[in-house]
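**Q**
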Amino acid sequence: MSHYYFVPHSKIDRIIHYFNENKYKCVAPRYMEGGISYAPINEANDLPWGYIDEQKPGSYKLTKTDKKHAFGFTVPTASVKPMLFKAKENVWKVKRDTATGKLAFEPVVDVERIAVFGVRPCDLRGIEIQDRVFQHNSYNDVRYTKRRENQFIIAMNCNNSHFNCFCVTLGDYPRADKGYDLAMTEIESGFVAEIGSDKGRQLLFHLEIEAATGAQVEHALKAIDNAAEMQHKQLPPIKEVEAKLMANLEHPQWDDVSSRCLSCSSCTNSCPTCFCHTERDVPNVLGTETEHTREWDSCFSIDHSYTHGETYRENPKYRYRQWLTHKFSTWRDQFRTKGCVGCGRCVTWCPVKIDVVDEINAICETS
Amino acid sequence: MLYTDDAYTPHEAEVVEFIKDHRDIFTLRLKFTSPELDAKYSFRPGQFNMIYLYGVGEVAISIVNDRNHQPGRFEHTIQVVGRITKGMMKLQTGDKVGVRGPFGTSWPLMEAMGKDVIIVTGGLGNAPLVAATEEVLRNRDRYGKLRVLHGIKSNDWLIYEDMYERWNNSPNTKVMMATSHEEPINNGKWQWKKGYVTAYLSELDVDFANSIVMTVGPEPMMLAVAKDFIKAGVKPDNVFVSLERSMKCAIGHCGHCQLGSQFICKDGAVYSYPACEKLLAVKGL
């Protein structure tokens, strides 16, 4: 027995088969419409072989190479969040008897068993942070809780970082720490795998594979270190950032960044930890049934702070400040974790190339 | 009630009585239709429920105690300010709504024992403090002097007239009202003044150093009341306010009610003044 095992690429189909046998829908990053995004897979060929990505502020570019790597890209366009906290879903229904006016309320709990093949360490940390919001909190979301119970996670450590990545300066590393069933690192012709749970152990046992060689482990760990070394962004220690942001709520940088920010919500939409939502009633025309839906919202939306007659954050400056101070400061008071995992998506998808690291540094350095 | 499984789905409640208070202000007397919930439901003064109107949506409204003190019954005094409250104004006795709650923190009625209690409200801010005042009156000898200061724009905006008269006639209790926009019409039932409620400060016969102030009204009003009463000698820790922000979920998930690090729906809405003073001082926080 060993800590590390080697799973050759040729066994990927067996992994998918194992998931199907155990009633999991197998989801993995795939090439879709010019991006690498999570979608169901049926066979190893469905993975995005050879694709590498280049992410810069306001820019995302894919190139197909003929390298035999399935996970040569960095982060998929979206995190795992939409699988646990859906972008839009029905949370409860009401049936109304038109004769008596009686209302029958019914919760809607739609749960799928999903095995995610390839969760980056930052996205895995994003899931753990959201566990504090939706599960280990004063109130839980029963849908989130059940989906987490029915989730199988194969984490995929990083071989590369993109230009906007900054997990390292936040105190993390491009390697999954915990919370996975299996964690893999891709090297030539396969993956070096570590077990993280009983579920993971059972899958590896089923695959009938060998322990990894010392050389294979060396290659895997070097690949992860290489990913870390590629990161260049620097921030002060996170506790310092948290203190300085709240101590500088009138800093001129807020005016500067809000003169560029479009309040488009691309950042909140792509973020693994953002959790704001709005609720809506969708009644049928007969007046006999209505569905109450929950959908993603953003603190950048103009009506986010609207409270009968008053919009507290009408000025875009207040909205940008709300987002940044929440993500990088007050989140700690609320959940006792940091709010950001350094995945860099908010920088990649910002149409005006705002880089949160630059904005934070501008405030911290001249505070 | 603690929700162990699903805190999102409302429970059916019935409008036991619809009362038109004045203009676009009305009160719904409610009870849960399920006998189990009806028997179990209770709340602390200062808490709020989410009330759901079929096909429209939910709103957060402070809970007022039932005027007949029937267990399981509770009331909500509502002003029309949007789509949902406009629809609720058309409700009739027997109609069904959805209710989730109670949510949030409550008034410090334990801490107020042995002290003079000063209730200061403005406009519809009186509703969130009715249950607290009634609890003081029900346990009269545990509290010192009770002073109820209420500010309205004019006599036209007065609601709860019978209740205020009963309060003013209660032992060691005085009701004092101030009209800010028009000259008051003295109805002979309690004291009246033109101006703001804080104008009564100089004639309040209480021991400020041993008083608790509980205030609800527009934010600038609550801040002015807090500052003036602290200047008069009330300890800052003994001044309490009730804050309000957009609430959609009431359970700290939707993010709309945040003020700095605070989720008003579950960390508040009742706060001691020192706990929220700095947050309220930042424009647009």
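Chains as they are written, first to last, in our numbering: chain A, 1 to 367; chain B, 368 to 652.
All residues carry an ideal CB built from backbone N, CA and C; glycine is no exception.
Owing to the predicted nature of the structure, the values given are computational and were not obtained by experimental measurement.
1) Alpha helix (DSSP H) containing Tyr320 of chain A: first to last residue?
2) Between the segment 82 to 102 of chain A and chain B, which residues of the former have CB atoms less than 7 Å from a CB of the latter, in chain order?
3) Quick one, are the C-beta atoms of Leu513 of chain B and Thr540 of chain B less than 8 Å apart?
4) Taking Cβ-Cβ distances below 8 Å as the criterion, which residues of the segment 617 to 639 of chain B are in contact with chain A?
5) In angstroms with no decimal places, state the Cα-to-Cα distance between Ser59 of chain A and Val94 of chain A.
6) Note down, in chain order, each residue of its chain lying with its Cβ closer than 7 Å to the Cβ of Ile238 of chain A, except the 5 sequence neighbours on either side.
7) Give a yes or no on whether 8 Å exceeds the smallest Cβ distance from Thr546 of chain B to chain A.
8) Output the residue ranges of the beta strand (DSSP E) runs that lie fully inside the segment 168 to 244 of chain A and measure 3 residues or longer, sorted by chain position.
9) Which chain E residues sit within Cβ distance under 7 Å of Val649 of chain B?
10) With DSSP as the reference, label Met156 of chain A as helix, strand or coil.
11) Out of curiosity, what's the CA-to-CA distance linking Gly518 of chain B and Pro174 of chain A?
12) Say whether the segment 390 to 397 of chain B touches the segment 433 to 447 of chain B, bearing in mind that this needs 3 or more beta-carbon pairs closer than 8 Å, one atom from each stretch.
13) Give me whichever residues DSSP pairs with Ser639 of chain B in a beta bridge.
14) Against chain B, with Cβ distances strictly below 8 Å, would Cys276 of chain A count as a contact?
15) Return the bridge partner residues of Leu397 of chain B from the DSSP annotation.
16) Could you spell out where the beta strand (DSSP E) holding Gln55 of chain A opens and where it closes?
17) With a CB to CB cut of under 7 Å and the five nearest residues on each side skipped, what residues in its chain are close to Arg120 of chain A?
18) Identify each residue in the segment 315 to 342 of chain A for which the Cβ-Cβ distance to at least one residue of chain B is less than 9 Å, and report them in chain order.
19) With H, G and I counted as helix, E and B as strand and the rest as coil, what does DSSP make of His9 of chain A?
20) The beta strand (DSSP E) that contains Asn284 of chain A, what's its start and end?
21) Looking at C-beta atoms only, is the number of pairs between the segment 312 to 322 of chain A and the segment 17 to 32 of chain A that lie closer than 8 Å three or more?
22) Helix, strand or coil for Leu513 of chain B per DSSP?
23) So what's Leu84 of chain A in DSSP terms, helix, strand or just coil?
24) Please name the residue in A:Gly34, A:His9 and A:Lys56 whose C-alpha comes closest to that of Lys353 of chain A.
25) Do Asp303 of chain A and Cys276 of chain A have their beta-carbon atoms positioned less than 8 Å apart in this structure?
26) Counting beta carbon pairs with one atom in the segment 113 to 132 of chain A and one in the segment 321 to 330 of chain A, are three or more of them shorter than 8 Å?
27) Determine, using beta carbons only, whether Cys621 of chain B and Ile631 of chain B come nearer to each other than 8 Å.
28) Cα separation between Tyr408 of chain B and Met543 of chain B?
29) Val383 of chain B and Thr460 of chain B look like a contact to me (Cβ under 8 Å); what is the Cβ gap, rounded to whole Å?
30) Could you spell out the range, first to last residue, of the alpha helix (DSSP H) harbouring Phe335 of chain A?
31) Indicate whether Gly511 of chain B and Val487 of chain B have their beta-carbon atoms separated by less than 8 Å.
32) DSSP on Cys346 of chain A, reduced to helix/strand/coil?
33) Within this structure, are the beta carbons of Leu516 of chain B and Val564 of chain B separated by less than 8 Å?
34) For chain A, check one thing: does any of its Cβ atoms lie closer than 8 Å to the Cβ of Tyr723 of chain B?
35) May I ask you to report which of helix, strand or coil DSSP gives Arg313 of chain A?
36) Counting pairs of Cβ atoms below 8 Å between the segment 268 to 285 of chain A and the segment 340 to 360 of chain A, do you hit three or more?
**A** Taking the coordinates as given:
1) Pro316 to Thr325
2) Val91, Trp92, Val94, Arg96, Gly101 and Lys102
3) yes
4) Ile618, Gly619, His620, Cys621, Gly622, His623, Gln625, Gly627, Ser628, Phe630 and Lys633
5) 44 Å
6) Leu170, Gly171 and Lys338
7) no
8) 182 to 187 and 190 to 195
9) No chain E appears in the structure shown, which is made up of the protein chains A and B.
10) strand
11) 60 Å
12) yes
13) B:Phe607
14) yes
15) B:Val382 and B:Phe441
16) Tyr51 to Lys56
17) Val75, Met156 and Cys158
18) Asn315, Lys317, Tyr318, Arg319, Arg321, Gln322, Thr325, His326, Ser329, Thr330, Trp331, Arg332, Asp333 and Gln334
19) helix
20) First-last for Asn284 of chain A: undefined, no H or E at that position.
21) no
22) strand
23) helix
24) A:Lys56
25) no
26) no
27) no
28) 33 Å
29) 7 Å
30) Trp331 to Phe335
31) no
32) helix
33) yes
34) Nothing about residue 723 of chain B can be read from this structure; chain B reaches only from 368 to 652.
35) coil
36) yes
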